[in-house]
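K.L.:
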Amino acid sequence: MPEGHTIHRAAQDHGALIAGHRVSAVSPQGRFADGAALIDGALCLGTEALGKHLLYHFDVQQTLHLHLGLGGYFVTGAQPASAPRDVTRLRIETGRALIDIIGPNTCELIPNDALDGFRHRYGPDLLAADPDPDRAIAAIRKSRAPIARLLMDQKVISGIGNIYRAEILWLRGLDPMTPGKNLSETQLRALWDDMRALLQIGVATGAIITNSETPSPKREVRERTNIFGKDICPRCDGQIVKSQLSGRTLYHCPRCQT
DNA sequence: AGAGTTGTTCAAGC
DNA sequence: AGCTTGAACAACTC
Numbered sequence: 001m002p003e004g005h006t007i008h009r010a011a012q013d014h015g016a017l018i019a020g021h022r023v024s025a026v027s028p029q030g031r032f033a034d035g036a037a038l039i040d041g042a043l044c045l046g047t048e049a050l051g052k053h054l055l056y057h058f059d060v061q062q063t064l065h066l067h068l069g070l071g072g073y074f075v076t077g078a079q080p081a082s083a084p085r086d087v088t089r090l091r092i093e094t095g096r097a098l099i100d101i102i103g104p105n106t107c108e109l110i111p112n113d114a115l116d117g118f119r120h121r122y123g124p125d126l127l128a129a130d131p132d133p134d135r136a137i138a139a140i141r142k143s144r145a146p147i148a149r150l151l152m153d154q155k156v157i158s159g160i161g162n163i164y165r166a167e168i169l170w171l172r173g174l175d176p177m178t179p180g181k182n183l184s185e186t187q188l189r190a191l192w193d194d195m196r197a198l199l200q201i202g203v204a205t206g207a208i209i210t211n212s213e214t215p216s217p218k219r220e221v222r223e224r225t226n227i228f229g230k231d232i233c234p235r236c237d238g239q240i241v242k243s244q245l246s247g248r249t250l251y252h253c254p255r256c257q258t
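Counting in the UniProt record's numbering, the first sequence runs from 1 upward without gaps.
Structure representation (structure tokens):
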């Protein structure tokens with residue numbers, strides 16, 4: 001479900017819903033009962049996105065940490081609400097709004113004094129207010145792993161998932177298998193700028209939009225990609241090649257990406 | 001019904 | 001040490 005833009009967007013939305021409010025929290029199937037009990041009645045101080053991770057700060061000594069993983073998602077809404085679904089892990093609500101967290105990869109509390117350590121475990125976040133691209137660029141230039149793998153490695157850079165990686169490498173005409181150390185600082189800086197701009201579009205629209213086709217204004221916004229999930233390259237009309245890299249499907253155009 | 005999927009972590013092997 | 005693979009987890013869609 002999410003790449004970095006989803007989580008940053010959720011951080012904004014959820015912050016608007018519950019920051020500054022006392023919340024009630026329940027774990028309908030009891031799979032996060034202890035955590036829910038600790039949050040229940042606490043004042044939400046704000047939310048924080050770190051790449052694909054989402055933190056909710058409360059006036060207690062621990063912070064709620066979520067990662068949606070592959071299949072997780074949120075449902076937000078106004079009161080009165082229907083009962084949480086069977087798959088709902090945690091419901092957070094104020095008198096006026098609620099957030100259901102469904103199918104997360106990670107739903108846990110981390111002690112506040114461990115937050116800095118947590119933040120330093122990951123590479124610079126493309127969507128941070130003032131990120132440090134040099135850290136990511138240096139890590140890439142030190143590695144002989146393929147750039148397609150490095151872009152997905154959140155320890156190197158935070159926010160890119162399988163769709164953005166395919167799209168960005170195609171946009172820049174880069175062979176996904178190029179070793180990181182073969183890329184110049186200039187190339188990587190341009191790549192960073194492109195990725196950041198694309199993710200910002202993602203936050204603004206709620207969709208992964210990497211092509212410049214005119215959007216149909218009425219239709220619900222959905223993903224608009226160049227090669228992800230496609231068979232034919234829009235640039236050269238050649239076949240898009242699907243392969244497996246670290247268990248994920250990699251798309252690329254062998255003619256355009258060399 | 002089963003496979004695939006916008007993801008990560010861990011363990012083990014090279 | 002850096003790099004790679006495979007399994008496990010989760011909830012949805014086709």
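C-beta atoms are modelled at their ideal positions from N, C-alpha and C, and glycine is treated no differently.
Owing to the predicted nature of the structure, the values given are computational and were not obtained by experimental measurement.
1. If you run the structure through DSSP and keep just helix, strand and coil, what is Val75?
2. When you compare only the Cα positions, how much space is there between Ala19 and Pro234?
3. With DSSP as the reference, label Glu223 as helix, strand or coil.
4. Could you check where the beta strand (DSSP E) with Thr249 kicks off and where it finishes?
5. Measure the beta-carbon distance from Leu126 to Gly161 and round it to whole angstroms, keeping in mind my assumption that it falls under 8 Å.
6. Does the beta-carbon of Ala166 have 16 or more other beta-carbons within 10 angstroms, so that it is buried, or is it exposed?
7. Just checking, does the segment 148-155 make contact with the segment 12-32 on the three C-beta pairs under 8 Å criterion?
8. Using a Cβ-Cβ cutoff of less than 7 Å, which residues in the same chain neighbour Gly72 once the five nearest sequence positions on both sides are dropped?
9. Does Gln257 pass the burial test, meaning 16 or more other C-beta atoms within 10 Å, or should it be called exposed?
10. So the alpha helix (DSSP H) Pro133 belongs to, where does it begin and stop?
11. Check Gln12 in the structure and name its three-state DSSP category.
12. Just mark Ala78 as buried or exposed, buried being the case when its beta carbon has 16 or more other beta carbons within 10 Å.
13. Does the Cβ of Ile39 have 16 or more other Cβ atoms within 10 Å, making it buried, or fewer, making it exposed?
14. Quick check on the DSSP output: the beta strand (DSSP E) that includes Asp100 runs from which residue to which?
15. With H, G and I counted as helix, E and B as strand and the rest as coil, what does DSSP make of Leu191?
P.N.:
So, from the data block:
1. Counting from 1 along the first sequence, the entry for residue 75 is found at position 75. Correct three-state label for Val75: strand.
2. If you number the first sequence from 1, residue 19 lands on position 19. If you number the first sequence from 1, residue 234 lands on position 234. So the alpha carbons of these two residues sit roughly 44 Å apart.
3. Numbered from its first residue, the first sequence carries residue 223 at position 223. Glu223 falls in the coil class under three-state DSSP.
4. Here residue 249 refers to the residue found at position 249 of the first sequence. Run containing Thr249: Arg248 to His252, per the beta strand (DSSP E) assignment.
5. Position 126 of the first sequence, counted from the first residue, corresponds to residue 126. Position 161 of the first sequence, counted from the first residue, corresponds to residue 161. The Cβ separation is near 11 Å, so there is no contact.
6. Here residue 166 refers to the residue found at position 166 when the first sequence is read from its first residue. Under this definition Ala166 is a buried residue.
7. Remark: fewer than three beta-carbon pairs, one from each stretch, lie closer than 8 Å, so the segment 148-155 and the segment 12-32 are not flagged as touching.
8. If you number the first sequence from 1, residue 72 lands on position 72. Excluding sequence neighbours, Gly72 sits near Met1, Ile102, Gly103, Pro104 and Asn105.
9. For the purposes of this step, residue 257 is identified with residue 257 of the first sequence, where counting begins at 1. Counting Cβ neighbours within 10 Å, Gln257 comes out buried, since at least 16 surround it.
10. If you number the first sequence from 1, residue 133 lands on position 133. Unbroken alpha helix (DSSP H) run through Pro133: Pro133 to Arg141.
11. Indexing the first sequence from 1 puts residue 12 at position 12. Helix, per DSSP.
12. By 1-based counting over the first sequence, the position of residue 78 is 78. Label assigned to Ala78: exposed.
13. For the purposes of this step, residue 39 is identified with residue 39 of the first sequence, where counting begins at 1. Per the 10 Å Cβ criterion, buried.
14. As a position in the first sequence, residue 100 is number 100, starting the count at 1. Here the beta strand (DSSP E) through Asp100 covers Ala97 to Ile102.
15. For this step, residue 191 is matched to residue 191 along the first sequence. Here Leu191 carries a helix assignment [DSSP, helix/strand/coil].
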